[in-house]
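Here the structure comes first, spelled out in C-alpha cells, and everything after it is commentary.
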Amino acid sequence: MVRSMLFVPGDAPRKFDKAAASPADALILDLEDSVAPENKGAARLAVRAMLGQAPAGKQTWVRINALDSGEALADLAAVVPGRPAGIVLPKCARRADLERTAHYLDACEAMAGLPAGGIRILAIVTETARSLFGLHDYAGATPRLWGLSWGAEDLAADLGARANREAGRYTEPFRLARSLCLAAAAAAGVRAVDTVCVELDAPDILAAETSEAVRDGFVAKLAIHPRHVEPINRLLTPDEARLRWARAVVQAFDAHPGAGTLNLDGKMIDRPHLRLARRLLEGE
11 MVRSMLFVPG DAPRKFDKAA ASPADALILD LEDSVAPENK GAARLAVRAM LGQAPAGKQT
71 WVRINALDSG EALADLAAVV PGRPAGIVLP KCARRADLER TAHYLDACEA MAGLPAGGIR
131 ILAIVTETAR SLFGLHDYAG ATPRLWGLSW GAEDLAADLG ARANREAGRY TEPFRLARSL
191 CLAAAAAAGV RAVDTVCVEL DAPDILAAET SEAVRDGFVA KLAIHPRHVE PINRLLTPDE
251 ARLRWARAVV QAFDAHPGAG TLNLDGKMID RPHLRLARRL LEGE
C-alpha cells in the first residue's frame, strides 16, 4: 500500500539516509527540479548508488528530467540498472509522452538484462497548459502506467498566474487541474496521487489538503519533507469502521451476485458502492 511518496534530492546523499529512515511508503530520488543543471551528471551517479542502498520493503522511484530537456534518456540509462520500482515522468503532456517513455524503458531494461515491463511510470500530467487538453487519452497507453499526479508550480508559470493559492487554498485554475487529474486517473484505471504540500510549517494546511484528497478519491500524496509523511500516512489509511463497511458490502453482493441494489443496515447500496468497497480493500 503506497500512501506517501517522499522526494529526495538526487545530489544530496546525506538527505537520503534521513528519508530512508522515515515512514514513507516510497522514496522518489529526484533528478529534475532539485538538481542544478551543472550537477546532473553527478546526481545520476549518486542516485544509482542510492538505489543500491534502498531499504527493503520501501519502494524507490526516480524522477527523471522532462522528455524535452535533452536529459531524460541519459537519466534512464543511468538509473534503470539499479532497478527502481518506477519512474516519475514530469511534464507529461500527451499520450505519446507515456508511450515514448515506455519504449525507452523497454530498451534500457533489455540492455540491463532486467525482466521486461517491471519498471512502472507515475506521470505528472498538469504542469503545462497544453497537458490539460490531453488528459482524456491515457487509458491503455502502456501497461507500465501506475498512476497520475498533478502539479501547480510549473503550471502557474506556464499560465502566467501571479499566485496559485489564496487564503491557504488553491485558486480555481489549479483546482480544475487537480480535478481533471483525478478524473483522468479513474478513466485510465490507475492511481490518483495528490501533489505536494509546499507549506513546510503549516500542519493545518497539510491536514486539510490530505483530508480533501482522501475525500475526493486520491489514494496517495507526494511529500517534500519527512515531517509530512506521518500525517499523510495516517489520513490516507482507511479507519477500521470504513474497512468493516467495505467488507460488509462485498459480502452482501457475494451472497446475492445477481442483485443490482441491496439493503445494508437500513441503507441502500448498489454496484458503485461495491466498486468503492473493492478499491478500499485492495489498498488495505
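Positions in the sequence shown are counted from 1; adding 10 to them yields this note's numbering. Using N, Cα and C, we set each Cβ at its ideal position, and we do this for glycine too. These numbers come from a predicted model, not from an experiment.
Burial state of residue i (16 or more Cβ within 10 Å)
i, result
"asparagine 273", "exposed"
"methionine 15", "buried"
"threonine 111", "buried"
"arginine 252", "exposed"
"histidine 113", "exposed"
"aspartate 275", "exposed"
"threonine 271", "exposed"
"aspartate 78", "exposed"
According to DSSP, residues forming a beta bridge with residue i
i, result
"tyrosine 180", "Arg175"
"glycine 96", "Trp71 and Arg130"
"aspartate 40", "Pro19 and Arg73"
"aspartate 280", "Thr271"
"serine 14", "Lys231"
Cβ of residue i within 8 Å of any chain D Cβ
i, result
"arginine 257", "The structure shown contains no chain D; it holds only a single protein chain."
Nearest candidate by alpha-carbon position, reference residue i, set the options
i, options, result
"isoleucine 234", "Pro19, Thr152, Val12 and Gly67", "Pro19"
"arginine 179", "Glu222, Ala151 and Asp107", "Glu222"
"serine 44", "Ala106, Ala122, Ala262 and Pro23", "Pro23"
"valine 10", "Val200, Ala193 and Thr220", "Outside the displayed range of the chain (11 to 294) lies residue 10, so it cannot be described from this structure."
"methionine 121", "Asp204, Ala87, Ser141 and Pro248", "Ala87"
"glycine 127", "Ala133, Cys118 and Ile134", "Cys118"
"alanine 162", "Asp35, Leu232, Ala265 and Ile74", "Leu232"
"arginine 201", "Ala177, Asp214, Phe228 and Leu210", "Phe228"
"serine 32", "Val57, Glu48, Lys50 and Pro65", "Pro65"
"alanine 195", "Ala212, Leu169, Leu155 and Ile279", "Leu155"
"leucine 99", "Arg58, Gly157 and Val239", "Gly157"
Span of the beta strand (DSSP E), counted from its first residue to its last, around residue i
i, result
"glycine 157", "155-159"
"threonine 271", "271-274"
"valine 200", "No beta strand (DSSP E) contains valine 200, which DSSP labels as neither H nor E."
"alanine 230", "230-233"
Beta-carbon proximity list for residue i, same chain, < 6 Å, skipping 5 on both sides
i, result
"leucine 37", "Leu16, Val18, Ala29 and Thr70"
"arginine 164", "According to the sequence displayed, residue 164 carries aspartate and not arginine. If we look at aspartate 164 and ignore the five residues flanking it on each side, its Cβ neighbours are Glu137."
"leucine 115", "Ile129"
"tryptophan 160", "Thr136, Ala187, Arg188, Cys191 and Thr205"
"alanine 53", "Gly20, Asp21, Leu41 and Val45"
Other residues of its chain near residue i: CB distance less than 8 Å, five sequence neighbours each side excluded
i, result
"alanine 173", "Ala166 and Thr181"
Alpha helix (DSSP H) segment containing residue i, residue limits
i, result
"proline 213", "213-226"
"alanine 112", "105-122"
"alanine 52", "50-63"
"phenylalanine 263", "250-265"
"valine 89", "82-89"
"isoleucine 240", "In the sequence under discussion, the amino acid at residue 240 is glutamate, which differs from the isoleucine named in the question. Run containing glutamate 240: 239-246, per the alpha helix (DSSP H) assignment."
"glutamate 137", "Element bounds for glutamate 137: n/a, residue is neither H nor E."
"aspartate 35", "It is not in any alpha helix (DSSP H) - aspartate 35 carries neither H nor E in the DSSP assignment."
"leucine 169", "163-169"
Beta-carbon contacts of residue i that lie in its chain and below 7 Å, excluding the five residues immediately before and after
i, result
"alanine 256", "Ala287, Leu290 and Leu291"
"alanine 151", "Arg105, Leu108 and Glu109"
"isoleucine 242", "Arg13, Ser14, Thr220, Lys231 and Ala233"
"aspartate 214", "none"
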